[in-house]
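Q: Pasting a structure below so you can have a look.
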Amino acid sequence: DPLWAQIRLEAKHALFHEPDAGPQLYQNVLRQPSLIDALASIICHEIETELIPATALKTLILDQLNLEDDINLHLDVIASANRNPSSGRTALTAVLFHQGLHALVCYRVAHRLWQADRTGMAMYVQSTVSSKYAADIHPACEIKGGVYLSVGGGVVIGETARVGNDVTILQGVTLGGTGKEAGDRHPKVGDGVILHCGATVLGNLQVGRGAVITAKSIVTKPVPDLARVSGVPA
-5 DPLWAQIRLE AKHALFHEPD AGPQLYQNVL RQPSLIDALA SIICHEIETE LIPATALKTL
55 ILDQLNLEDD INLHLDVIAS ANRNPSSGRT ALTAVLFHQG LHALVCYRVA HRLWQADRTG
115 MAMYVQSTVS SKYAADIHPA CEIKGGVYLS VGGGVVIGET ARVGNDVTIL QGVTLGGTGK
175 EAGDRHPKVG DGVILHCGAT VLGNLQVGRG AVITAKSIVT KPVPDLARVS GVPA
């Protein structure tokens, strides 16, 4: 696993320059056998509650994530490192500190629980993530790999939404409905789309591959491939 090898190398480099970070780096990275284990070790302490302690959460995370999730999370880590200037462009910083990445890990766990008809536990994880990371992502939605998620100002992704590969979702984005209570009612976002801060896309509509939705725009109709749209409504 070249990415995991790189993260371990970055951890050793960080340890040389910041010896006081040794306990965290050893516990969460250098003693872990894989990227998934490292993410689980970090996240379980962030979202633990009196009802479910960290040890049980780590087991839950590792039990639910499969090979497809492992691949997608590798791509998510790369996206978080490359598209977040504040991370210093390092995968280690993304793994340790990027809450958007952590929210995606938890979404993938909740999604597997939902698929396994463990809807109560899926919604519990979703609720905890919403409270901790300000990311309200329904467990039933579909999110592919290489996604960069910035959760600083809150992100909402509805039940029937689909998000393609290599999508960038900045803070305050909403992929919502238009008031329908059931059925396919949320946006379908194509590969490589960029959703800028505060963008809102409403209804069962297609946002084409490579499209850009500018900040604070409200989209209520389909967006062609490679288009750039803005305005209220866009």
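What the sequence shown shows, in our numbering, is residues -5 to 228, in sequence order. All C-beta atoms, glycine included, are put in the ideal place defined by N, C-alpha and C.
#1: Using the DSSP secondary-structure output, state which residues sit across from A129 in a beta bridge.
#2: For I33, collect the residues of the same chain with a Cβ closer than 6 Å to its Cβ; drop the 5 residues on either side in sequence, then sort them by chain order.
#3: Count the other CB atoms within 10 Å of the CB of A50; is the residue buried (16 or more) or exposed (fewer)?
#4: Tell me which same chain residues have a C-beta within less than 7 Å of the C-beta of A209, skipping the five on either side of it?
#5: Could you give the distance in angstroms between the alpha-carbon of N198 and the alpha-carbon of I137?
#6: Would you kindly check if the distance between the Cβ of A134 and the Cβ of E153 is under 7 Å?
#7: I want to know whether the region 14 to 21 touches the region 66 to 73 - three or more CB-CB distances under 8 Å.
#8: Determine the contact status of L59 and I30, defining contact as a CB-CB distance below 7 Å.
#9: Please classify I65: is it buried, with 16 or more other beta-carbons within 10 angstroms of its beta-carbon, or exposed?
#10: If you run the structure through DSSP and keep just helix, strand and coil, what is V183?
#11: So, with DSSP's three-state summary, where would you put L143?
#12: Classify D160: buried if its beta carbon has 16 or more other beta carbons within 10 angstroms, exposed otherwise.
#13: To the nearest whole angstrom, what separates the beta carbons of V149 and V167, a pair I think is in contact under 8 Å?
#14: Shortest alpha-carbon distance to T85 belongs to which of L107, P(-4) and R179?
#15: From the DSSP output, read off the bridge partner residues of I207.
#16: Can you tell me where the alpha helix (DSSP H) with V89 in it begins and where it stops?
#17: On the premise that L67 lies in contact with R102, defined as a C-beta separation below 8 Å, what is that separation, rounded to the nearest angstrom?
#18: Between N78, Q200 and M117, which has its C-alpha nearest D185's C-alpha?
A: Answer, in terms of the structure:
#1: In the sequence shown, the residue the question calls residue 129 occupies position 135. A129 is bridged to V149.
#2: Here residue 33 refers to the residue found at position 39 when the sequence shown is read from its first residue. For the record, residue 33 in the displayed sequence is Leu; it is not Ile. Result list for L33: V99, in chain order.
#3: Counting from one through the sequence shown, the residue named residue 50 turns up at place 56. Burial call: exposed.
#4: Position 215 of the sequence shown, counted from the start, is the residue given in the question as residue 209. Only H190, C191, G192 and A193 meet the Cβ criterion.
#5: Residue mapping note: residue 198 aligns to position 204 of the sequence shown, counting from 1. Residue mapping note: residue 137 aligns to position 143 of the sequence shown, counting from 1. Straight-line Cα distance between these residues: approximately 16 Å.
#6: For the purposes of this step, residue 153 is identified with residue 159 of the sequence shown, where counting begins at 1. For the purposes of this step, residue 134 is identified with residue 140 of the sequence shown, where counting begins at 1. Contact flag set, yes.
#7: no
#8: As a position in the sequence shown, residue 59 is number 65, starting the count at 1. As a position in the sequence shown, residue 30 is number 36, starting the count at 1. Yes, Cβ-Cβ distance for L59 and I30 is below 7 Å.
#9: What you label residue 65 is simply residue 71 of the sequence shown in a count that begins at 1. So I65 counts as exposed.
#10: On the sequence shown, position 189 is the one that residue 183 refers to. Reduced to three states, the DSSP call for V183 is strand.
#11: The residue you call residue 143 lines up with position 149 of the sequence shown. Three-state result, L143: strand.
#12: As a working note, residue 160 is residue 166 in the sequence shown. Looking at its Cβ environment, which holds 16 or more other Cβ atoms inside 10 Å, D160 is buried.
#13: Reading the sequence shown from its first residue, position 155 is the one you call residue 149. Reading the sequence shown from its first residue, position 173 is the one you call residue 167. Contact flag correct, Cβ pair sits at about 5 Å.
#14: Position 91 of the sequence shown, counted from the first residue, corresponds to residue 85. According to the sequence as given, residue 85 is Ala; it is not Thr. A85 has its Cα closest to that of P(-4), out of L107, P(-4) and R179.
#15: For the purposes of this step, residue 207 is taken as residue 213 along the sequence shown, with counting starting at 1. L189 and V223, per the DSSP bridge assignment.
#16: Against the sequence shown, residue 89 aligns to sequence position 95. Segment A85 to F91, the alpha helix (DSSP H) holding V89.
#17: Translated into the one-based positions of the sequence shown, residue 102 becomes position 108. Translated into the one-based positions of the sequence shown, residue 67 becomes position 73. Confirmed, Cβ separation roughly 7 Å.
#18: Translated into positions along the sequence shown, residue 185 becomes position 191. The shortest C-alpha separation from D185 is found at Q200.
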